[in-house]
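Just below is one structure, and these are the notes that go with it.
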Amino acid sequence: MARWTVHGLQRGAKEALQGIRLVLVNPHLRQQKFLRIFIHLAVLSVVLLVITHLLVTIPLRFAKALVFVFASGDTTRVDQLLESTRSAIRDLVSYVPVVALLFMRYAYRKPLDDLFMETIRYIDETNKTTYTAALSQHADDKKIHTNNKKKVWPSIKVYLLRTWKKVRLGLVVFLLSLLPVVGQFVFPLAGAYTTWKSLGNTQGVAVGISFFFLPRWATLILVRSLIGMRTLMRELLEPYFARMHFSHKEKLKWFSGRKDVLFGFSAIAYLLIRVPFVGFVGYGVAQAAAAYMLTTVVSVEEVVKHSPDGDGEKSKVGSKLD
Numbered sequence: 009m010a011r012w013t014v015h016g017l018q019r020g021a022k023e024a025l026q027g028i029r030l031v032l033v034n035p036h037l038r039q040q041k042f043l044r045i046f047i048h049l050a051v052l053s054v055v056l057l058v059i060t061h062l063l064v065t066i067p068l069r070f071a072k073a074l075v076f077v078f079a080s081g082d083t084t085r086v087d088q089l090l091e092s093t094r095s096a097i098r099d100l101v102s103y104v105p106v107v108a109l110l111f112m113r114y115a116y117r118k119p120l121d122d123l124f125m126e127t128i129r130y131i132d133e134t135n136k137t138t139y140t141a142a143l144s145q146h147a148d149d150k151k152i153h154t155n156n157k158k159k160v161w162p163s164i165k166v167y168l169l170r171t172w173k174k175v176r177l178g179l180v181v182f183l184l185s186l187l188p189v190v191g192q193f194v195f196p197l198a199g200a201y202t203t204w205k206s207l208g209n210t211q212g213v214a215v216g217i218s219f220f221f222l223p224r225w226a227t228l229i230l231v232r233s234l235i236g237m238r239t240l241m242r243e244l245l246e247p248y249f250a251r252m253h254f255s256h257k258e259k260l261k262w263f264s265g266r267k268d269v270l271f272g273f274s275a276i277a278y279l280l281i282r283v284p285f286v287g288f289v290g291y292g293v294a295q296a297a298a299a300y301m302l303t304t305v306v307s308v309e310e311v312v313k314h315s316p317d318g319d320g321e322k323s324k325v326g327s328k329l330d
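Every number in my numbering is 8 more than the matching position in the sequence shown, counting from 1.
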């Protein structure tokens with residue numbers, strides 16, 4: 009792995025931790041308005057976890073009761089089948105909260121956007137910077153929230169279609185992994201491809217090779233995590249992209265110059281949202297922390313000079329990463 013990438017990964021992880029610390033000490037986020045947001049997120053976390061647990065436990069226990077009542081003889085094999093089925097389903101359902109968290113960007117837009125911008129304001133106040141004013145020149149908060157209301161259902165539709173596409177791709181990868189001979193190469197190649205998209209060629213090859221030496225279950229978890237990290241990072245930065253009116257091509261260019269830092273940050277953020285019972289709260293914290301990270305990889309001058317007419321960033325991408 010290249011030296012600059014190692015440094016960038018460390019920097020990204022460090023900025024994630026620093027951003028979390030900033031969220032905890034920011035007095036603005038202790039206002040009733042923001043405390044209410046975090047309480048709502050906490051309730052959603054618990055409710056979703058309980059519901060997904062019941063959806064798995066109740067049907068399987070009912071099936072086990074039916075087997076006990078109607079089956080005759082040894083039911084050991086059936087019990088083993090039910091247990092393996094439960095493990096497989098619980099493994100799949102365990103990622104439902106992550107999907108729901110990312111869906112929240114569209115169903116719960118304004119509060120999350122407020123968390124992001126409140127952190128930006130606190131950074132401006134502390135460091136005497138002007139990020140808030142620079143972002144407002146492209147679109148103020150009122151305009152963003154008005155546009156968000158109009159785009160809720162179209163955005164949800166796009167998100168659901170994108171999620172369904174990933175589910176289909178995941179099923180194809182899983183089925184291919186069951187094939188004889190070639191199946192053993194599927195998950196390592198999937199991990200290599202995902203890492204290549206996030207970090208580059210050398211890192212993708214290195215991760216792909218390392219996956220050959222890991223057990224299947226570990227490879228599966230890591231591939232899912234890599235995909236989740238990429239998606240999470242894009243969603244956390246949506247308040248910035250919405251104000252800058254970035255096209256899809258401009259987003260790709262923006263991410264390309266900051267891959268290592270964003271990867272390191274997303275690793276910490278992903279771990280935060282995977283904490284049981286408080287994942288939604290973790291998402292809110294990560295949303296605010298992303299604002300801090302943004303101010304370390306983008307200068308005020310870049311924000312001011314960006315042209316929303318399609319010319320992209322006029323200043324050099326990644327000038328603050330040198």
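For glycine and all other residues, C-beta sits at the position ideal for the given N, C-alpha and C.
Bear in mind that the values here come from a model prediction, so they are computed numbers and not experimental data.
Exercise. Pull up the CB-CB distance for T202 and I235, whole angstroms please, since I reckon it's below 8 angstroms.
Key: For the purposes of this step, residue 202 is identified with residue 194 of the sequence shown, where counting begins at 1. For the purposes of this step, residue 235 is identified with residue 227 of the sequence shown, where counting begins at 1. Right, their Cβ atoms sit about 6 angstroms apart.
Quiz prompt | P67 (DSSP reduced to helix, strand or coil) | solution = By one-based count along the sequence shown, residue 67 stands at place 59. Reduced to three states, the DSSP call for P67 is helix.
Exercise. Would you please state the rounded distance, in angstroms, between the beta carbons of V219 and F195? I believe it to be under 8 angstroms.
Key: Numbered from 1 along the sequence shown, position 211 holds the residue referred to as residue 219. Numbered from 1 along the sequence shown, position 187 holds the residue referred to as residue 195. Per the sequence shown, residue 219 should be read as Phe rather than Val. Separation of the CB atoms of F219 and F195 is rounded to 6 angstroms, and the pair is thereby assigned contact status at 8 angstroms.
Quiz item: Going by Cα to Cα distance, which pick from E246, V64 and Q145 is closest to Y4?
Solution: Only positions 9 to 330 of the chain appear in the structure, and residue 4 is not among them; the question remains open.
Quiz item: The alpha helix (DSSP H) spanning S307 covers which residue range?
Solution: Position 299 of the sequence shown holds residue 307. Neither: S307 is in no alpha helix (DSSP H) and is coded neither H nor E.
Self-check item: Nearest residue (CA-CA) to F285, options L260, H61, Q18 and L17
Solution: Walking along the sequence shown from the start, residue 285 turns up at place 277. Looking at the Cα atoms, H61 is the closest of the given residues.
Practice problem: Leaving aside the five residues before and after G16 along the sequence, list all residues of the same chain whose C-beta is less than 6 angstroms from its C-beta, in chain order. | Solution: Mapped onto the sequence shown, residue 16 falls at position 8. Contacts found: D268 and V269.
Quiz item: Skipping 5 residues on each side, what residues in its chain have a beta carbon closer than 6 angstroms to that of A147?
Solution: As a position in the sequence shown, residue 147 is number 139, starting the count at 1. Cβ contact annotation for A147 (same chain, cutoff 6 angstroms, sequence separation greater than five): R251, in chain order.
Exercise. Taking all protein chains shown into account, decide if A141 is buried (16 or more other Cβ within 10 angstroms of its Cβ) or exposed.
Key: The residue given as residue 141 occupies position 133 in the sequence shown. Exposed, by the Cβ-count rule.
Practice problem: Buried or exposed for L260, please, with buried defined as at least 16 other CB atoms from any protein chain shown within 10 angstroms of its CB. | Solution: For the purposes of this step, residue 260 is identified with residue 252 of the sequence shown, where counting begins at 1. It counts as exposed.
Quiz item: Does DSSP put V179 in a helix, in a strand, or in coil?
Solution: Your numbering for residue 179 matches position 171 in the sequence shown. In the sequence as presented, Val is not what sits at residue 179; that position holds Leu. If DSSP states are grouped into helix, strand and coil, L179 belongs with the helices.
Exercise. Report the option in T304, S255, K72 and G290 whose CA atom is closest to the CA atom of L7.
Key: There is no way to answer for residue 7, as the model of the chain reaches only from 9 to 330.
Self-check item: Where N34 falls: helix, strand or coil (DSSP)
Solution: Locating residue 34 in the sequence shown gives position 26, where the first residue counts as 1. Collapsing the DSSP output to three states places N34 in coil.
Self-check item: Spatial distance of I47 from L37 (CA atoms)
Solution: Locating residue 47 in the sequence shown gives position 39, counting from the first residue. Locating residue 37 in the sequence shown gives position 29, counting from the first residue. In a straight line, the C-alpha of I47 is about 12 angstroms away from that of L37.
Quiz item: Can you tell me whether E309 is buried or exposed, with buried defined as 16 or more other CB within 10 angstroms of its CB?
Solution: The residue you call residue 309 lines up with position 301 of the sequence shown. Exposed is the call here.
Exercise. Label V51 either buried or exposed according to how many other C-beta atoms from any shown protein chain fall within 10 Å of its C-beta, with 16 as the threshold for buried.
Key: Walking along the sequence shown from the start, residue 51 turns up at place 43. V51 comes out exposed.
Practice problem: Take A294 and list the residues in its own chain whose beta-carbon comes closer than 7 angstroms to its own, dropping the five residues that flank it on each side. | Solution: Here residue 294 refers to the residue found at position 286 of the sequence shown. Excluding residues within five positions, the ones whose Cβ falls inside 7 angstroms are L244, A277, L280 and I281.
Quiz item: When DSSP labels each residue in this structure, what does H253 get in the three-state scheme?
Solution: Start at 1 with the first residue of the sequence shown, and residue 253 comes out as number 245. It is coil, neither helix nor strand.
Practice problem: Can you tell me which of the three DSSP states V283 falls into? | Solution: Counted from its first residue, the sequence shown places residue 283 at position 275. Reduced to three states, the DSSP call for V283 is coil.
Quiz item: Does the beta-carbon of H314 have 16 or more other beta-carbons within 10 angstroms, so that it is buried, or is it exposed?
Solution: Numbered from its first residue, the sequence shown carries residue 314 at position 306. Result: buried.
Practice problem: Report all residues from its chain with a CB closer than 6 angstroms to the CB of G272; omit the five preceding and five following residues, and keep chain order. | Solution: Here residue 272 refers to the residue found at position 264 when the sequence shown is read from its first residue. When the five nearest sequence neighbours on each side are left out, the beta carbons in the same chain lying within less than 6 angstroms of the beta carbon of G272 are those of L17, G20 and A21, in order along the chain.
Self-check item: Cβ neighbours of R224 in the same chain (closer than 8 angstroms, five flanking residues each side left out)
Solution: Indexing the sequence shown from 1 puts residue 224 at position 216. Contacts found: S185 and F195.
Exercise. Taking all protein chains shown into account, decide if A226 is buried (16 or more other Cβ within 10 angstroms of its Cβ) or exposed.
Key: Counting from 1 along the sequence shown, the entry for residue 226 is found at position 218. Taking all protein chains shown into account, A226 has fewer than 16 neighbouring C-beta atoms within 10 Å of its C-beta and is therefore exposed.
Quiz item: Candidates E91, R44 and V54: which alpha carbon is nearest A71's?
Solution: Along the sequence shown, read from residue 1 onward, the residue named residue 71 stands at position 63. Taking only the C-alpha atoms, the option nearest A71 is E91.
Quiz item: T13 by DSSP, collapsed to three states: which one?
Solution: The residue given as residue 13 occupies position 5 in the sequence shown. The DSSP-derived three-state label of T13 is helix.
Quiz item: Using DSSP with H/G/I as helix, E/B as strand and the rest coil, what is G265?
Solution: Your numbering for residue 265 matches position 257 in the sequence shown. DSSP places G265 in coil when its eight states are reduced to three.
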